[in-house]
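Worksheet: the structure to be examined is printed underneath.
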Amino acid sequence: MARPRSIDRDRLLDAAEEIVRRQGAAALTIDTLARACGITKGGVQYAFGTKDDIINAMFDRWNRDYDAKFSAAAGDGADPLRRLRAHVAATREADEVSMSKAASLMAGLMQTPEHLASTQGWYRERLAGLDADSPEGRRARLAFFACEGAFLLHFLRFMPQGDAEWQAVFDDIAGLLDPSA
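For the sequence shown, the UniProt record's numbering begins at 1 and goes up steadily by one.
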């Protein structure tokens, strides 16, 4: 009796990311993923169930490293400014390979309303409770927008930066959050 073949979920996610990166989100189907991995559609469905489950698993995987860095910097019950400082720190220390994948795939997946909505919610969470009427709050909001702009410009390869320039940009962004530094 043959041993059942095990399905490597990470291998499937790697292939799914590659499909979205190269061909766009619309090209990601259970059939395309099965063919890319040399397994049956049933094998993909056994591992993930649906296309949405695959996409959710991709987002979960991308967020793990960021969430660990963010939580370490923010701590429990952080106020809005501390959360934004933690976000800037986590983005600054981002892993080049995984963040490049995340930015490319995020751009491709934003074509679907449900994934756009979850990303919009994530961004709203980052700014929740920020007092945008105070000078400190306005600087923090500007720092957040600068951080996200730097992230997208760099990792989508519109304006790639070397490490020294990346660090200098984030020194400037950090200066918005703590003008006395």
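Beta carbons: idealized from backbone N, C-alpha and C, even for Gly.
Pairwise C-alpha distance: residue j and residue i
{"i": "residue 122", "j": "residue 39", "result": "34 Å"}
{"i": "residue 29", "j": "residue 35", "result": "10 Å"}
{"i": "residue 131", "j": "residue 11", "result": "44 Å"}
{"i": "residue 126", "j": "residue 9", "result": "30 Å"}
{"i": "residue 115", "j": "residue 55", "result": "9 Å"}
{"i": "residue 6", "j": "residue 24", "result": "28 Å"}
{"i": "residue 27", "j": "residue 61", "result": "20 Å"}
{"i": "residue 44", "j": "residue 52", "result": "12 Å"}
{"i": "residue 46", "j": "residue 107", "result": "27 Å"}
Nearest neighbour of residue i, chosen from the options [CA to CA]
{"i": "residue 174", "options": "143, 162, 79", "result": "143"}
{"i": "residue 87", "options": "152, 50, 147", "result": "147"}
{"i": "residue 77", "options": "128, 151, 163, 162", "result": "128"}
{"i": "residue 99", "options": "164, 22, 157", "result": "157"}
{"i": "residue 97", "options": "137, 17, 7", "result": "17"}
{"i": "residue 92", "options": "50, 66, 44", "result": "66"}
{"i": "residue 135", "options": "62, 176, 119", "result": "176"}
{"i": "residue 95", "options": "19, 23, 7, 163", "result": "163"}
{"i": "residue 159", "options": "168, 167, 149", "result": "149"}
Within 8 Å, strictly: CB atoms of residue i and residue j
{"i": "residue 80", "j": "residue 139", "result": "no"}
{"i": "residue 64", "j": "residue 74", "result": "no"}
{"i": "residue 57", "j": "residue 70", "result": "no"}
{"i": "residue 21", "j": "residue 105", "result": "yes"}
{"i": "residue 155", "j": "residue 103", "result": "yes"}
Three or more C-beta pairs closer than 8 Å, one from the stretch 106 to 118 and one from the stretch 159 to 176: is that the case here?
-> no
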